[in-house]
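Enquirer: Provided herewith is a single structure, encoded as structure tokens, for subsequent inquiry.
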Amino acid sequence: MRKTKILFFLTSLLFTFVPFLPEGFTADSARWHLPEGARARLSKGSPTDVQFSPDGTQIAVASSIGIWLYDAQTNQEIDLLTDRTRGTQSCAYSPDGTVLAGGGTDGTLLLWDVRTRQLRATRKGHERPIVALAFSPDGSLLASGADYEDIVQLWDATTAEHQATFTGHTEGLRTVKFSPDGRTLASGSRDGTVRLWDVNTGEHDIIFRRARVWALAFSPDGATLVSGDSTNTIRLWNMNTNQHRQDLTGHTHLVSALAFSRDGTLLASGGGNGSIHLWDAGTGQQRGTLAAHRWDVYSLAFSPDGRTLASVGDDNTVRLWNIDPQGIPTAIDSEPKVTLHVHPKFVSALTYSPDGNTLVSGGEEGVLRLWNVETAQQQEPLFIGDKGWIRAAAFLSEGVASVNRASSDGTVHFWRATGEREVLLTLPNFFGTATFSPNGRILASVHERDIILLWDLVTGERRATLEGHIHWLFELAFSPDGKTLASGGGDSAVLLWDVDSGQHRATLGKQDSTHGRRDDVFGLAFSPDSKTLARSGTYGPIQLWDADTAERLSTLRGHTGEVGALAFSPDSGMLASGSYRDILLWDVGTSRLHATLLKQEEWRYPNAVALAFSSDGRILATAWNGRLLLWDVQTRRVLSEFTGHKDRIKVLVFSPDSAVLVGGGSDGIIYVWDMRSEVLLSTVKAHPYGIPALKFSADGRTLASGGTDSTILLWDWEKIARQTNR
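Here it is as structure tokens:
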């Protein structure tokens with residue numbers, strides 16, 4: 031149930047990921063290579079690898095939506111290389127710079143012509159993401175390795191024809207490198223070995239057997255092989271004797287990336303804690319340390335002239351660092367000279383302005399940004415400071431308010447239309463859960479795990495301290511009229527609070543202080559008329575409560591699995607509930623089971639339930655166990671079964687006029703069905719992976735899709751609705 035709850039929590043925030051673009055990101059690049067009907071892409075995806083072109087004029091960044099090309103002098107985008115069906119995990123330039131190879135997240139090898147930027151060849155070579163690519167020095171061969179696959183593949187670098195398979199590893203590959211003379215291929219694996227392969231015969235030697243190997247690099251003269259492993263150690267090997275030569279210590283986490291400067295004098299290493307260490311390659315002396323990223327360093331690359339170091343981190347940034355031009359550097363800029371590619375991994379707040387013209391996004395590094403929905407351009411970031419998560423955001427009459435968490439405290443900031451910022455209040459011992467009232471004037475926040483504070487955002491004063499829970503709080507929900515706050519968590523009970531007075535109105539259910547099998551509260555939903563509260567938990571049945579009198583209206587028994595979805599009809603008369611085994615429809619007025627819509631013991635897609643009512647409440651759409659059905663709410667009969675989707679539907683939404691139903695698939699496809707003709711109007715490959723969130727703007731002109739590829743696409747609804755089925 032906890033996984034189900036997390037999924038629905040993220041979806042309720044609209045998108046799983048939030049878009050951040052660097053300085054210099056142009057409106058044009060936001061529109062490159064979009065699916066037909068999409069108006070803009072508010073992200074560049076999650077970066078995983080970076081490489082300089084051999085002549086130093088370009089920088090290639092592999093990302094979840096393709097390979098971005100940058101001008102190395104201006105740091106401006108040149109192009110996006112993508113086939114729109116998959117992301118790329120790795121990239122590599124051929125020695126002459128004419129071919130760029132991409133390792134697909136689906137195991138496909140892609141070869142691009144750098145001059146024309148056309149896809150030259152593709153080859154399905156692996157079943158898992160290709161994390162390692164290397165061209166031979168003469169450019170004739172390309173080696174690849176995939177995560178969680180124990181083979182090394184060799185390909186013709188021009189045609190992508192398969193040449194050989196090297197076997198011997200017992201776990202997934204992490205890195206492959208050719209020696210400068212092209213005779214030897216080194217590979218490092220999760221199996222704890224470094225293997226040296228004879229490229230011609232496929233025979234190999236094992237020179238290391240003690241720890242998982244994450245990175246390898248040959249010195250330019252081929253005399254030294256360097257490995258980085260899970261023991262936080264860099265090991266140097268003499269390639270004339272294949273003997274261990276020296277260890278370099280200093281990292282406090284695993285060594286995940288390595289790179290030599292072209293002249294071989296400098297070695298850069300990246301660690302699991304985001305640090306980059308610079309070493310004198312001859313003496314092993316450490317020359318400097320960079321606090322480069324918040325988490326793992328994925329990839330490192332020196333420019334050909336050795337003056338710039340590029341790094342990719344698990345914080346979804348690509349950073350360029352100045353290197354002292356005097357040969358081996360003794361001083362390094364403590365701040366990156368430019369950050370090319372920024373996109374945080376987790377969204378905590380995303381909301382439209384009331385007029386639908388602006389999108390506000392906030393994420394885990396404490397940056398709040400405003401996006402013009404029409405132009406796809408962003409304004410200057412409203413806040414860069416505490417580097418704490420932005421947990422919630424809301425439009426007020428004169429600006430934008432957000433809740434930020436840094437360390438153990440939280441802060442509420444307010445920005446006026448002029449960009450002026452003020453700190454409204456500080457949230458001591460902030461637990462991380464917060465929500466705004468429907469009008470945005472009241473903030474409810476959780477502190478010290480079980481205390482709720484109500485704040486007046488107009489005056490900045492604390493309105494009330496709400497105490498009564500005896501365990502962690504997971505859920506806060508304001509009623510649509512803003513008069514009542516419901517809270518629930520690990521003590522099994524739901525508490526109702528009067529928002530105006532701050533008084534505890536009622537406790538719904540019995541509080542449980544034990545550490546055994548508790549029915550934790552993981553679902554709270556008010557009816558649109560604010561009169562009824564539905565509650566679901568870890569184990570127990572659904573409960574309906576009168577939100578005014580705090581009387582239990584009923585206990586809705588019937589589900590045979592944990593309830594992961596609750597949806598009221600627009601008139602508040604019906605409640606649809608979904609578990610991984612069944613979907614039930616309840617009459618809220620009589621508290622009776624209106625219908626068992628679906629029931630099945632065998633479940634193909636765990637935790638995949640999507641429910642949506644039409645705007646008039648007459649039709650319920652259900653996506654469940656691979657089937658998409660439309661139900662007449664009154665007659666309880668199936669009106670139609672929509673087909674055409676190739677995989678499970680993760681989210682459903684009706685257009686504002688209910689003329690069409692839109693579904694987001696786990697295959698990254700947006701499906702559009704016509705409600706009148708009951709035919710599939712359009713399928714659009716929107717994202718490489720799943721789509722957990724869809725939302726229409728208030729005027730119905732724009733559809734936003736949020737993908738697990740770390741991107742948000744804005745669609746011109748009239749155009750997407752006109753597309754023909756493909």
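Residue numbers 31 to 756, in this note's numbering, belong to the letters of the sequence shown in order. All C-beta atoms in this analysis are idealised placements derived from N, C-alpha and C, irrespective of residue type, glycine included. Predicted, not measured: the structure shown is a model, and the values here were computed from it.
#1: With 16 as the cutoff for other CB atoms within 10 Å, does W745 come out buried or exposed?
#2: Under the DSSP definition of a beta bridge, which residues are partnered with S93?
#3: From the DSSP output, which residues share a beta bridge with L184?
#4: Which residue from L215, A474 and D221 puts its Cα closest to that of D770?
#5: To the nearest angstrom, how far is the alpha carbon of P210 from that of I108?
#6: Mapping the DSSP letters down to three states, classify E107 as helix, strand or coil.
#7: Below 8 Å CB to CB, which residues in the same chain sit around K676 once its five sequence neighbours on both sides are set aside?
#8: How close, in whole Å, do the beta carbons of V618 and S566 come, if the pair is a contact with beta carbons under 8 Å?
#9: Taking the beta strand (DSSP E) that E505 falls in, what are its first and last residues?
#10: Between I679, S670, K680 and S727, which lies nearest to R706 when the distance is taken from Cα to Cα?
#11: Can you check DSSP and say which residues form a bridge with G318?
#12: Pull up the DSSP beta-bridge partners for Q276, would you.
#13: Considering L605, what are the terminal residues of the beta strand (DSSP E) in which it resides?
#14: Express the C-alpha separation of L724 and G736 in angstroms, rounding to a whole number.
#15: Since I721 and V681 are thought to touch, with beta carbons under 8 Å apart, how far apart are those beta carbons, to the nearest angstrom?
#16: Considering only C-alpha positions, which residue in the set T152, L614 and V161 is nearest to T78?
#17: Starting from G567, trace the beta strand (DSSP E) both ways and give me its first and last residue.
#18: From the DSSP output, in three-state form, read off W325 for me.
#19: Let me know if E233 comes out buried or exposed under the rule of 16 or more other beta-carbons within 10 Å of its beta-carbon.
#20: Mark Y328 as exposed unless 16 or more other C-beta atoms lie within 10 angstroms of its C-beta, in which case mark it buried.
#21: V529 to S257, Cα distance in whole Å?
#22: Alpha carbon to alpha carbon, how far is P125 from L215? Give it in angstroms, no decimals.
#23: Count the other C-beta atoms from every protein chain shown that fall within 10 angstroms of the C-beta of E497, then say buried if there are 16 or more, exposed otherwise.
#24: If distances are taken between C-alpha atoms only, which option among V593, L710 and V683 comes closest to F726?
#25: Rounded to a whole number of angstroms, what is the C-alpha to C-alpha distance between A523 and L574?
#26: Hey, does K540 have any beta-carbon neighbour from chain E nearer than 7 Å?
#27: From A555, A494 and D521, pick the residue whose C-alpha is nearest to that of W527; which is it?
#28: Looking only at DSSP bridge pairs, what is G698 linked to?
#29: Measure from the alpha carbon of R324 to the alpha carbon of each residue in N303, D310, G314 and G336, then state which is nearest.
#30: Below 6 Å CB to CB, which residues in the same chain sit around A651 once its five sequence neighbours on both sides are set aside?
#31: State the CB to CB distance for the pair D335 and G127, rounded to an integer number of angstroms; the pair is presumed to be in contact (CB under 8 Å).
#32: Please name the residue or residues paired with L141 in a DSSP beta bridge.
#33: Does the beta-carbon distance from G175 to L203 come in below 7 Å?
#34: By a C-beta neighbour count over all protein chains shown, 10 Å radius and 16 as the cutoff for buried, is G603 buried or exposed?
#35: Excluding sequence positions up to five away, which residues of its chain have a Cβ less than 8 Å from the Cβ of W747?
#36: Given this structure, state the Cα-to-Cα distance separating D172 from W654, to the nearest angstrom.
Expert: Per the coordinate set shown:
#1: That one is buried.
#2: DSSP lists P77 and G96 as partners of S93.
#3: Paired residue(s): A173 and A194.
#4: The structure shown does not extend to residue 770, since the chain is modelled only from 31 through 756, so no value can be given for it.
#5: For P210 and I108, the distance between alpha carbons rounds to 30 Å.
#6: Three-state result, E107: strand.
#7: For K676, where only same-chain residues beyond five positions count, the Cβ hits under 8 Å are G695, D697 and I699.
#8: 15 Å between Cβ atoms; not a contact.
#9: Annotation for E505: the continuous beta strand (DSSP E) segment containing it runs L503 to F508.
#10: When each option's Cα is compared against that of R706, the closest is S670.
#11: Residue pairing by DSSP places G318 opposite L308 in a beta bridge.
#12: Paired residue(s): L266.
#13: For L605, the enclosing beta strand (DSSP E) stretches over residues M604 to S609.
#14: So the two alpha carbons sit approximately 6 Å from each other.
#15: Under the criterion of beta carbons closer than 8 Å, I721 and V681 qualify as touching, at roughly 7 Å.
#16: T78 has its Cα closest to that of V161, out of T152, L614 and V161.
#17: Its beta strand (DSSP E) spans residues T562 to G567.
#18: W325 falls in the coil class under three-state DSSP.
#19: Classification of E233: exposed, given that the 10 Å Cβ count is below 16.
#20: Counting Cβ neighbours within 10 Å, Y328 comes out buried, since at least 16 surround it.
#21: Rounded to the nearest angstrom, the two C-alpha atoms are 60 Å apart.
#22: If I take the Cα positions, the gap works out to 16 Å.
#23: By the beta-carbon neighbour count (other beta carbons within 10 angstroms, threshold 16), E497 is exposed.
#24: The closest CA to that of F726, considering only V593, L710 and V683, is found on V683.
#25: Taking the straight line from one Cα to the other gives about 13 Å.
#26: Annotation note: the requested chain E is absent from the structure, which comprises a single protein chain.
#27: Of the candidates A555, A494 and D521, the one whose C-alpha sits nearest the C-alpha of W527 is A494.
#28: Within the DSSP bridge table, the entry for G698 names no partner.
#29: The residue with the shortest Cα to Cα distance from R324 is N303.
#30: Sequence-distant Cβ neighbours of A651 in its own chain, meaning closer than 6 Å and more than five residues away, are A642, L660, L682 and L691.
#31: That belief does not hold up - the Cβ atoms of D335 and G127 are roughly 15 Å apart, past 8 Å.
#32: Beta bridge pairing from DSSP links L141 with A131 and A151.
#33: Yes, the pair counts as a contact, with Cβ atoms nearer than the cut-off.
#34: By the 10 Å Cβ count, G603 comes out buried.
#35: Hits under 8 Å: S685, F726, G730, R731, T732 and L733.
#36: With the sequence shown as reference, residue 172 is identified as Leu, and Asp is not the correct amino acid for it. Rounded to whole angstroms, L172 to W654 spans 43 Å at the Cα level.
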